[in-house]
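Going by full-length UniProt numbering, the sequence shown opens with residue 1, and the numbers climb by one from there.
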Amino acid sequence: MADMCKNYISQYSEIAIQMMMHMQDQQPKEICALVGFCDEVKEMPMQTLVPAKVASKNVIPALELVEPIKKHEVPAKSDVYCEVCEFLVKEVTKLIDNNKTEKEILDTFDKMCSKLPKSLSEECQEVVDTYGSSILSILLQEVSPELVCSMLRLCSGTRLPALTVHMTQPKDGGFCEVCKKLVGYLDQ
């Protein structure tokens with residue numbers, strides 16, 4: 001059991017700490033239930049990140065309604081923010097592979113947004129301003145690029161492997177207590 005615990009900590013500690021920092025208002029048992037170590041909380045609402053600017057541009061006054069111009073269509077398969085995040089992750093992965101510095105990568109983010117169609121450039125800039133450094137830090141922790149946008153809750157439908165692995169463990173076992181103590185310690 002101790003070896004398994006050490007293995008989990010070495011594999012997932014950085015991701016877990018980052019995740020817990022965004023969940024500071026949660027109780028330790030709720031966090032541990034969320035990752036599958038505890039069975040105490042019956043239902044946990046999904047934590048979602050809200051874009052920094054949910055601008056009033058999404059509210060269209062009745063006087064300004066016109067027929068839409070189908071100039072640049074965005075694929076309907078997923079949310080615009082998800083698409084922009086996936087685009088940025090692909091580009092950043094290339095920059096990291098080329099040993100670019102963090103500043104060079106963040107500067108390149110801005111240039112990438114200007115290359116997109118005008119209909120997406122504002123959303124791209126919003127994702128860069130809000131999540132740019134988070135995307136970079138998650139990728140630098142060698143997290144699979146496919147999971148970055150899901151971890152930031154910009155894309156849905158992908159489960160994190162750490163959560164899937166934990167769900168297969170017996171509920172309310174030793175990990176539940178260890179998890180609660182770890183979260184309690186980190187809260188202090």
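Using N, Cα and C, we set each Cβ at its ideal position, and we do this for glycine too.
Only a predicted model underlies this, so the values are computations on that prediction, with no experimental measurement involved.
Out of curiosity, what's the CA-to-CA distance linking residue 272 and residue 30?
-> Because the chain here runs from 1 to 188, residue 272 falls outside it and cannot be looked at.
Using alpha carbons as the reference points, say which of 141, 150, 109 and 82 lies closest to residue 91.
-> Looking at the Cα atoms, 109 is the closest of the given residues.
Contacting residues, own chain, Cβ-Cβ under 7 Å from residue 82 (five flanking each side not counted) = 149, 154 and 155
Where does residue 156 sit, in a helix, a strand or coil, going by DSSP?
-> coil
Can you have a look at residue 4 and say buried or exposed, based on whether 16 or more other CB atoms are within 10 angstroms of its CB?
-> With a threshold of 16 other beta carbon atoms within 10 Å, residue 4 falls short and is exposed.
Measuring CB to CB, does residue 84 end up less than 8 Å from residue 123?
-> In contact: residue 84 and residue 123 (Cβ atoms closer than 8 Å).
Own chain residues within Cβ distance below 6 Å of residue 14, not counting five before or after = Answer for residue 14: 141, listed in chain order.
Would you say residue 106 and residue 137 are within 8 Å of each other, going by their C-beta atoms?
-> With contacts defined as CB atoms closer than 8 Å, residue 106 and residue 137 fail to qualify as a contacting pair.
Where residue 100 sits in the DSSP three-state scheme | coil
What number of angstroms, rounded off, separates the C-alpha of residue 10 from the C-alpha of residue 152?
-> 22 Å
Could you tell me which of 18, 27 and 80 sits nearest to residue 118, measuring between CA atoms?
-> 80
Roughly how many angstroms separate the alpha carbons of residue 2 and residue 25, rounded to a whole number?
-> CA-CA distance, residue 2 to residue 25, rounds to 29 Å.
Of all the options 6, 88 and 12, which has the alpha carbon lying nearest to the alpha carbon of residue 130?
-> 88
Residue range of the alpha helix (DSSP H) that includes residue 124 | Segment 118 to 140, the alpha helix (DSSP H) holding residue 124.
Could you tell me the distance, in whole angstroms, from the CA atom of residue 38 to the CA atom of residue 114?
-> 46 Å
Decide if residue 61 is buried, meaning its Cβ has at least 16 other Cβ atoms within 10 Å, or exposed.
-> Annotation note: pLDDT 49 at residue 61 (below 50); position unreliable, coordinate value reported separately. Counting every other CB atom within 10 Å of its CB across the protein chains shown gives residue 61 a total below 16, marking it as exposed.
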